[in-house]
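Under mature numbering (1 follows the signal peptide of the UniProt record, and there is no 0), the letters of the sequence shown match residues -31 to -1, 1 to 1153, in that order.
Where a beta carbon is used, it is the ideal one built from N, C-alpha and C, also for glycine.
Remember, it's a predicted structure, so these values are computed and weren't measured experimentally.
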Amino acid sequence: MRRKKKMPQILQPKVLLCLAVGLMWMTTAVAHDPCTNSTAPHRVEVEFVTKIVKNEYIVAFDGYYKSATREKYIRAALNGSRVSNWRILPRSNPASDFPSDFDVIMMEEFEPLEGLELIKNHPSVRSVTPQRMVHRSLKFVPLSAAEIDEETGQEDADSPEVDEELVRELEDASRAMGRTLANTNDTARHVNRRLLRAIPRQITSLLKADVLWGMGVTGRGVKVAIFDTGLAKSHPHFKRIKERTNWTNEKSLDDGVSHGTFVAGVIASSKECLGFAPEAELHIYRVFTNNQVSYTSWFLDAFNYAILKKINILNLSIGGPDFLDHPFVDKVLELTANKVIMVSAIGNDGPLYGTLNNPGDQSEVIGVGGINFDDNIAKFSSRGMTTWELPGGYGRLKPDIVTYGSQVKGSNVKGGCRSLSGTSVASPVVAGAVALLASGVVHKMDIVNPSSMKQALIEGATRLPDSNMFEQGHGKLNILKSMKLLSTYKPRVTLSPSYVDFTEDYMWPYNTQALFYTSHPAIVNVTILNGMGVIGRVVTPPTWHPYASGNGHLLNVSIGHSEILWPWSGWMSVHIQITEAGMAFEGVAQGHVTLTVQSPAAGDEAEPRNSTVSFPLRVRVIPKPPRDKRILWDQFHSLRYPPGYLPRDNLKIKADPLDWRADHIHTNFRDMYTHLRNAGYYIEVLGTPYTCFNASNYGTLLIVDPEEEFFPEEIAKLKRDVLEGDLSVIIFADWYNTSIMRKIKFYDENTRQWWMPDTGGANVPALNELLREFNVTLGDRVSEGYFAMGDHSMYYASGTSLVKFPQTPGSIVIERDLYDQGQEILTNVTGTGAEDAQKRRIRSPVAILGLLQVDGTFAHIRHPESSDVHHEDADLYRDLGGGGSDSLQMEKNPILNKRNLLEEPDDTQRSNASEKHILKAVDTVDVAENEISDAEEEDKTQEVGQVKQELKLPHSPVRRGGRIAVYGDSNCLDSTHLEKPCFWLLDMLLEYTMTSHVAGLLSGLNQSGKIHFRQDVISPARLPNNNLYMYSKVLDQQNPNRKRDLTQCPRLVWETPIFLNITQTIGAQGGANGASADGGALGDGSANSILRKLESQKGGGLNPDEIDLGLLQNQWQGSHDGNVNFADEPGAIVKENLDESFSISIGILLFLTLVVFLLFVNWIRKIRGATNRSRNYFFNVFRL
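What follows is the structure, given as structure tokens:
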């Protein structure tokens, strides 16, 4: 698409013949694939390169204006300035004749920021951002037999049985509406059935689209837009190509690549390889050239045109990691606000976690993952969570849904069929299904919107038994169930996920680690889906209802939420922590959160629409574990692309230059996390500065691959925690060298734009500031190579090394002979004559690992404390052609402009006063055991750099100081490019930091006392003129040479509990949905009234004994027409004793009633003398 996912070191235009978005695996089907010279199966690897175009900027306005008006606004903004060399670029496409909300300007000034700032300040201008170009390239890799078998699975197996009961329910629903699901006739249905019997098995039959075809539901009446590479008008597979438009700079509407044809075929082909909605009206948008080039402005114009044409469904089988491309992201929001249902591929970077692509990761978009024909998640399919929210929060649930994406047949560009694999194949499968579903309710399209369609899809999805929530989302596409839900749909609010259960395997990673007293809060990021309207609001604050009989009193819950839901969705954050009462408890604690959303009345409704929904919680609680089993993971100091150019950690991997996977224990460090949990450790995530955690709770702070700077207060506190608090620290670093950073910059010949890294693999200068309190320094030599440590084979991938380390009694320093990768890169060893150069490679010893026992002597080490950040132009390779300061003056990082021009304010620059305004009031909240109180200020005469909060740390009877372990490479822990895992080394380091025991292998390799560290070694310096300050949480954005003031620690406000003496039924392996009660214009159910009453009692400290449980039961049972068994609806609320004993009691009562009735009849008979008794006793009884 338009995103930076893969970026070659030197970017040059490439002419390519074919496209498959994301990772695709391809085999030939009916026709020979025109993109290859072989009929053998291939894997098609696709690389996305997105770049900022020099001197071109997108000016977004606050409304739609004619071209003359837009030009007048720009001229008015620049009037009187020194800016003169600018012009508006003409756009020749179908949208040119209509009003638009943006222009593309060319500003060829040497320093354009002045003019751009003037334009941005115009009252009618919303934002100014750089123009972006995207380039896609392909590489065909032959598939092995094992890969073909794995992806094909049981494709040739018999189709699953049709749920006849569900089919009957669909037919009954259509009859109840007084019509069929879609207008058709019996002849057409018979034709469809004969067609299915006459062709080979289709993916449409696997997913039961043919069942709906038999009911006359074929896609008719629905407009589907396909944004891709075009489609030939005369292609024989398609019935209804309504319009073809070209948005590129080429004079063609046809598909010269074949990918657009394939996608269109999956959606709407009517011959050979059938699509899901053959009668749908196709609108073809050619947004990529035959060379796979596109621009953001092309997409923006095409999106505007789709809104104008009132498109119903839009398929976008493209994506990338850049969620800060604001014009594109904002336009997606506008599209969905106009009821355009966007379906997008989630990405093909699996099986790694945290690799979701945009726009599929946006809440309002239906993000689709892929499975094979064995109903297993495809290896290529990207996994969640979303990473927008890191480091301070937690990601959202994505993908939304999964479906077949392996070896799917679709239309070929020259006729016939071909097979492709990838989530870009799964995306049109869902888009076609959505078109089919919408055509089934075409007579009431007013209820069909991005949220209601997503609700129908995820609630109807079939849960896969062996995959977790971040792999499968809500499950596998089930067209028939979704059709039933949509045909009976009433606008409402639902949640995604609809519940959280720490005891259920599906709920990874929540099921992997229980909560305990003093643990950091677990965070659940919930998406609120609002099917009632494009805009909504939370009308009453969410309320927390712990279950008195379910140990709910052990849970503290803090709730945040979006005040306004737009478009069609919002968010709710739920923080969960264990109270002091749960210190020794082991078991399950339960409760639920409720909130009510209101949207404006629709149509002829007189009252606003209201919907109340519950979010059940089921939390596994364990006693507080010992300190030596608790690890704190530093997430706060992790940065990644976007917003800046953070380079790869392994310099050997040139095809993936960006560090964009967020470095989280549940994303690219998931394997490490699983290993540590299996070893019995508890890992918690720190998303705040070091001044915000209580070190007495943790045995080891784990710092891996940090890119962020450190506050002076953090450095001072960590030293005290190690010296006085017995905290230990493990650091896994990475390479850093300014000459290498200049070397791996790249220049785009097409756009004449430089890209310069903002730091190395890790921010070694910042790490050295942290470690200098212990006389430890990391150098800027970049080392690489294989080596052995005992019986363990290791690989050092672009790591740093120790150049200074205390060689005190008990310290451990280990050297290994490694190649100088930095020198090889700078002297072009990998270029001409690389093979001969490889043979001449020379190893030299470097210190890669150090272990240090800290004692009181380190307390006397003093360094001047300052908020200044020093940049020097000197490093180890400064004489090897790495580039000097003169060359830097010519290098302009495009992200500089991008960050300057972003419209959103930097909320990390808030003053303490504004922080207090944004955070909830905390004067009535007790400080949790795992937090530091800042209620009392330190004396103003306290030494500079001392932490404001005083910790009361228990005195250790064994020793006073903690321990420090430093290793120079983190790639052996990172699953992204893992060659030789070093989890065994991490185990040994943890054994040392937690217990002070040194493993025999490490002590046997110890060379401490024998290593002579040079005294004149150059400590790595920061790269001058880098842009790290522009998105750093520590550096001052106004002065990059200084650090900003430390912000106060965030405080959670725990909700006042409103106790209920009920239990909760959730999970149930079928997908759970929060209990929802709709009211207002949709009918005020009795469940709604009781939930609103409970919300109104918030703050009252309601006692469980004060609740009328009988009333509560009756009112909840009375909702949904009083005919719903909540025990069969996972996530619904039921009374505790509604179980088997209740049924038995009812049976006994009925029996006794019958006995009394018979006795009464017999008494009447005796009174009347029985003179006219009938021979049939029962006849006489009924006659009475």
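| Check | Outcome |
| --- | --- |
| Could you name the residues of the same chain whose beta carbon sits closer than 6 Å to that of Asp640, not counting the 5 residues immediately before and after it, in chain order? | Ser944 |
| Does Arg868 pass the burial test, meaning 16 or more other C-beta atoms within 10 Å, or should it be called exposed? | With a pLDDT of only 32 at Arg868, under 50, the local geometry of the prediction cannot be trusted, and the value read off the model is given with reservation. Buried. |
| Return the CA-CA distance between Lys714 and Ser607, expressed in angstroms with no decimal places. | 21 Å |
| State yes or no: is the C-beta of Asn326 within less than 8 Å of the C-beta of Gly316? | yes |
| Alpha carbon to alpha carbon, what distance is there between Val377 and Ser350? | 15 Å |
| Give me the Cα-Cα distance between Ile783 and Leu974, rounded to the nearest whole angstrom. | 6 Å |
| Residues in the same chain with beta-carbon distance under 6 Å from His295, minus the five sequence neighbours each way, listed in chain order, please. | Thr98 |
| May I have a chain-ordered list of the beta strand (DSSP E) segments no shorter than 3 residues that lie completely inside the region 48 to 78? | 55 to 57, 69 to 76 |
| Determine the closest residue to Trp981 out of Leu655, Pro814, Arg39, with distance taken between C-alpha atoms. | For the record, residue 981 in the displayed sequence is His; it is not Trp. Here the closest residue by C-alpha is Pro814. |
| Measuring only from the beta carbon, is Asp66 closer than 7 Å to any heavy atom that is part of the ligand NAD? | Here there are no bound small molecules, and the ligand NAD is not part of this structure. |
| Restricting to runs no shorter than 4 residues, where is the alpha helix (DSSP H) found entirely within the region 720 to 764? | 733 to 740 |
| Please state whether the Cβ-Cβ distance between Asn744 and Ile830 is less than 8 Å. | yes |
| Quick one: is Trp1132 buried, meaning 16 or more other Cβ sit within 10 Å of its Cβ, or exposed? | exposed |
| Given a cut-off of 8 Å, decide if Met541 and Ile497 are closer than it, judged by their beta-carbon atoms. | yes |
| DSSP three-state call for Ser332: helix, strand or coil? | coil |
| Which of the three DSSP states, helix, strand or coil, is assigned to Gln1017? | coil |
| Based on Cα-Cα distance, which residue from Ala735, Tyr788, Ser939 lies nearest to Ile811? | Tyr788 |
| CB-CB under 6 Å to Ser286, same chain, minus the five flanking residues each way: which ones, in chain order? | Val(-11), Val232, Ala314, Ser393, Ser396 |
| State buried or exposed for Asp695, treating a residue as buried only when at least 16 other CB atoms are found within 10 Å of its CB. | buried |
| Considering only the alpha carbon of each residue, which of Leu954, Asn940, Leu955 lies closest to Glu948? | Asn940 |
| Once DSSP output is grouped into helix, strand and coil, what is the label at Thr826? | helix |
| Is the CB-CB distance between Met501 and Pro460 below 8 Å? | yes |
| So is Gln1038 buried or exposed if we call it buried at 16+ other beta carbons inside 10 Å? | Low local confidence applies: a pLDDT of 41 at Gln1038 is under 50, so the model's placement there is unreliable, and no value is given. |
| Should the region 353 to 369 be regarded as contacting the region 383 to 390, the criterion being three or more beta carbon pairs within less than 8 Å? | no |
| Determine the burial state of Asp1077: buried for a count of at least 16 other Cβ atoms within 10 Å of its Cβ, exposed for fewer. | With a pLDDT of only 39 at Asp1077, under the threshold of 50, the placement of this residue in the model should not be trusted, and no figure is reported. |
| Quick one: Cα of Lys712 to Cα of Leu795, how far? | 7 Å |
| Bridge partners of Lys378, per DSSP? | Ser388 |
| Pick helix, strand or coil for Lys1002, following the three-state DSSP scheme. | coil |
| Find the nearest neighbour of Tyr651 within the set Phe638, Ser203, Gly668, Cys661, judged by alpha-carbon distance. | Gly668 |
| Are the Cβ atoms of Ser263 and Phe272 separated by less than 8 Å? | no |
| If distances are taken between C-alpha atoms only, which option among Lys413, Leu58, Leu277, Glu676 comes closest to Pro68? | Leu277 |
| Taking 7 Å as the limit between beta carbons, can you name the residues of its chain near Phe471, skipping five residues before and five after? | Tyr479, Asn480, Ala483, Arg587, Val588, Arg589 |
| Where Thr707 and Val733 are concerned, what is the direct C-alpha to C-alpha distance, given to the nearest angstrom? | 11 Å |
| Tell me the DSSP bridge mates of Lys1012? | Leu1004 |
| Extract the residue ranges of the beta strand (DSSP E) inside the region 650 to 674, only unbroken runs of 3 or more that lie entirely within it. | 651 to 655, 669 to 673 |
| My output table needs one value for Ile1136: the three-state DSSP class, helix, strand or coil. | helix |
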